[in-house]
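Engineer: The sequence shown begins at 1 in UniProt numbering and counts up by one.
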Amino acid sequence: MNQEPKKGFGTANGKIILMGEHAVVYGEPAIAIPFPAVSIQTTIEQKIGPATLDCTFYRGLLQEAPLRLNSLLTAISETLAVLKKSAVDFSITITSMVPPERGMGSSAAVAVATIRALYDYFNQPLEREQLMHLIDVAETIAHGNPSGLDAAMTSGTTPLYYVKNQAFEAFDLNLNGCLIVADTGITGQTKKAIQLIEEQFITHQAATQQKITQLGTLSKQAKLALSSNDKETLGESMNQAHHLLQQLGVSNSTLDLLVDTAIENGAFGAKLTGGGLGGCMIALAETQTDADWIALKLKQNGAKNTWIYQMGANQIEK
């Protein structure tokens, strides 16, 4: 009887910065949550010859993959080195729902899913500490000096409250509500947005610092709201945060239109998420029905894609 060809599987989810983007650069707290409404799956199958890769950006021999995939290639080579295996006799197929360059942790999620799949394929146990180390090596290639947040978010299931240079603090997500994420279709411009705020610190130091401090206060408020199922307070915190991010110049007309659309159609609150000047926005709704309606209106007003994540005890992905 013929033996079944070997296979390995690995998955990872996206991540969303709920509160505190930009302010976190200046020592204020931020909140990130795993976002399982978008996910990545890596499948590894036995195949004679040099290893091959099939993903959104490339299809062909692993050794000839382009430089833009350097983070993924590093994750693969480092993992194979740890496992003492060679890049031969298997194919890697990556299926991703996480859009790249949208602040949703795409590069880390690809690394997480692929490292998990390699360990599964070679039938080796993967400790979380080892996974975190391997992702960190890959993310250093992608981002230079990663915070470790994307690695923790895309491989975990718990929200994190974090402050620069401090250990991440996990906390319970007790909120029963729906989070809608909408993609503007415009690549986020994190570096440019950070630079804009740096310039404001030079020209209007006191006023800029005040806005940053307020964003930090709103993150603290949001953490309490998430822990106590207070959707009204969380929504109001989101609205105020977006207003401050607007004043700091890191929103744009597309994001503002989508935020306004969500609020006009029943969202508790809405704001940009991530670097800004493009990328994605988020909105908070009471029920799946409300979220479906808001998502429809967001698409009618220019959102290129929407995802819904039902938070709380009865988590449902859509």
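Don't be surprised by glycine CBs; every beta carbon is placed ideally from N, CA and C.
Can you look up residue 177 in the DSSP assignment and give me helix, strand or coil?
Structural biologist: To locate residue 177, count along the sequence shown from 1; it is residue 177. The answer is strand: DSSP assigns residue 177 an E or B state.
Engineer: For a cutoff of 7 Å on Cβ pairs, would you count residue 183 as touching chain D?
Structural biologist: Absent from the structure is chain D; it holds one protein chain and no more.
Engineer: So, do the region 32-39 and the region 90-106 have three or more beta carbon pairs nearer to each other than 8 Å?
Structural biologist: Yes: at least three Cβ pairs fall under 8 Å.
Engineer: Would you mind sorting residue 1 into buried or exposed? The rule is 16 or more other CB atoms within 10 Å of its CB.
Structural biologist: Position 1 of the sequence shown, counted from the first residue, corresponds to residue 1. Since pLDDT at residue 1 reaches only 48, below the 50 mark, its modelled position is unreliable, and no value is offered.
Engineer: In whole angstroms, give me the CA-to-CA distance for residue 182 and residue 84.
Structural biologist: In the sequence shown, residue 182 corresponds to position 182, counting from 1. In the sequence shown, residue 84 corresponds to position 84, counting from 1. Going by the C-alpha atoms only, they are around 42 Å apart.
Engineer: Just curious, the alpha helix (DSSP H) that residue 235 is in, first and last residue?
Structural biologist: Position 235 of the sequence shown, counting from 1, holds the residue named residue 235. Start and end: 231-247.
Engineer: Rank 68, 267 and 65 by C-alpha distance to the C-alpha of residue 238 and give the top, closest one.
Structural biologist: Along the sequence shown, one-based indexing puts residue 238 at 238. Per the Cα distances, 267.
Engineer: Alpha carbon to alpha carbon, how far is residue 310 from residue 316? Give it in angstroms, no decimals.
Structural biologist: Looking up residue 316 in the sequence shown gives position 316. Looking up residue 310 in the sequence shown gives position 310. Confidence in residue 316 is poor, its pLDDT being 37 and thus under 50, which makes the residue's placement unreliable; the coordinate value appears in the next sentence. Taking the straight line from one Cα to the other gives about 5 Å.
Engineer: Taking DSSP as the reference, what is the three-state secondary structure of residue 165?
Structural biologist: For the purposes of this step, residue 165 is taken as residue 165 along the sequence shown, with counting starting at 1. Looking at residue 165 - three-state DSSP - the assignment turns out to be coil, as it is neither helix nor strand.
Engineer: So the beta strand (DSSP E) residue 45 belongs to, where does it begin and stop?
Structural biologist: Numbered from 1 along the sequence shown, position 45 holds the residue referred to as residue 45. It spans 30-50 - the beta strand (DSSP E) in which residue 45 sits, taken as one unbroken run.
Engineer: Can you tell me the Cα-Cα spacing of residue 292 and residue 303, whole angstroms?
Structural biologist: For the purposes of this step, residue 292 is taken as the residue at position 292 of the sequence shown. For the purposes of this step, residue 303 is taken as the residue at position 303 of the sequence shown. Going from the Cα of residue 292 to the Cα of residue 303 covers about 14 Å.
Engineer: Among the candidates 180, 9 and 241, whose CA atom is the shortest distance from the CA of residue 306?
Structural biologist: As a working note, residue 306 is residue 306 in the sequence shown. Comparing Cα-Cα distances from residue 306 to each of 180, 9 and 241, the minimum goes to 180.
Engineer: Which residue comes first and which comes last in the beta strand (DSSP E) that contains residue 201?
Structural biologist: Here residue 201 refers to the residue found at position 201 of the sequence shown. Looking at the DSSP string, residue 201 is not in any beta strand (DSSP E); the run it does join, the alpha helix (DSSP H), is 190-203.
Engineer: As a quick exercise: from 195, 6 and 31, pick the residue whose alpha carbon is nearest that of residue 221.
Structural biologist: To locate residue 221, count along the sequence shown from 1; it is residue 221. Nearest option by C-alpha distance: 31.
Engineer: Would you say residue 190 and residue 278 are within 7 Å of each other, going by their C-beta atoms?
Structural biologist: Counting from 1 along the sequence shown, the entry for residue 190 is found at position 190. Counting from 1 along the sequence shown, the entry for residue 278 is found at position 278. Not closer than 7 Å, so no.
Engineer: On a Cα-Cα basis, can you pick out the residue from 226, 88, 72 and 231 that is closest to residue 135?
Structural biologist: On the sequence shown, residue 135 is found 135 positions in, with the first residue counted as 1. Checking every option, the nearest Cα to that of residue 135 belongs to 72.
Engineer: Expressed to the nearest angstrom, what Euclidean distance is found between the alpha-carbon atoms of residue 16 and residue 129?
Structural biologist: Start at 1 with the first residue of the sequence shown, and residue 16 comes out as number 16. Start at 1 with the first residue of the sequence shown, and residue 129 comes out as number 129. In a straight line, the C-alpha of residue 16 is about 23 Å away from that of residue 129.
Engineer: Evaluate residue 159 with the Cβ neighbour count: other Cβ atoms within 10 Å of its Cβ, from every protein chain shown; 16 or more gives buried, anything less gives exposed.
Structural biologist: In the sequence shown, the residue the question calls residue 159 occupies position 159. Flag for residue 159 reads buried.
Engineer: Taking the alpha-carbon positions, what's the residue 126 to residue 116 distance?
Structural biologist: In the sequence shown, residue 126 corresponds to position 126, counting from 1. In the sequence shown, residue 116 corresponds to position 116, counting from 1. Cα to Cα, residue 126 sits roughly 7 Å from residue 116.
Engineer: Thinking residue 322 and residue 231 are a contact (beta carbons under 8 Å), I'd like their distance in whole angstroms, please.
Structural biologist: Nothing in the structure corresponds to residue 322, since the chain is present only between 1 and 318.
Engineer: Looking only at its chain, what residues have a beta carbon closer than 6 Å to the beta carbon of residue 42, apart from the 5 residues adjacent to it on each side?
Structural biologist: Locating residue 42 in the sequence shown gives position 42, counting from the first residue. So the qualifying residues of the chain are 10, 94, 113, 114 and 117.
Engineer: Considering only the beta carbon of each residue, do residue 212 and residue 87 sit closer than 7 Å?
Structural biologist: Taking the sequence shown and counting its residues from 1, one reaches residue 212 at position 212. Taking the sequence shown and counting its residues from 1, one reaches residue 87 at position 87. Not in contact: residue 212 and residue 87 (Cβ atoms no closer than 7 Å).
Engineer: Which residue from 7, 166, 263 and 308 puts its Cα closest to that of residue 91?
Structural biologist: Indexing the sequence shown from 1 puts residue 91 at position 91. The candidate whose alpha carbon is nearest that of residue 91 is 7.
Engineer: Can you give the Cα-Cα distance for residue 197 and residue 208, rounded to whole angstroms?
Structural biologist: Residue 197 sits at position 197 when you count from the first residue of the sequence shown. Residue 208 sits at position 208 when you count from the first residue of the sequence shown. Each residue's alpha carbon lies about 8 Å from the other.
Engineer: Cβ of residue 271 within 7 Å of Cβ of residue 241?
Structural biologist: Looking up residue 271 in the sequence shown gives position 271. Looking up residue 241 in the sequence shown gives position 241. Going by C-beta atoms, residue 271 is nearer than 7 Å to residue 241.
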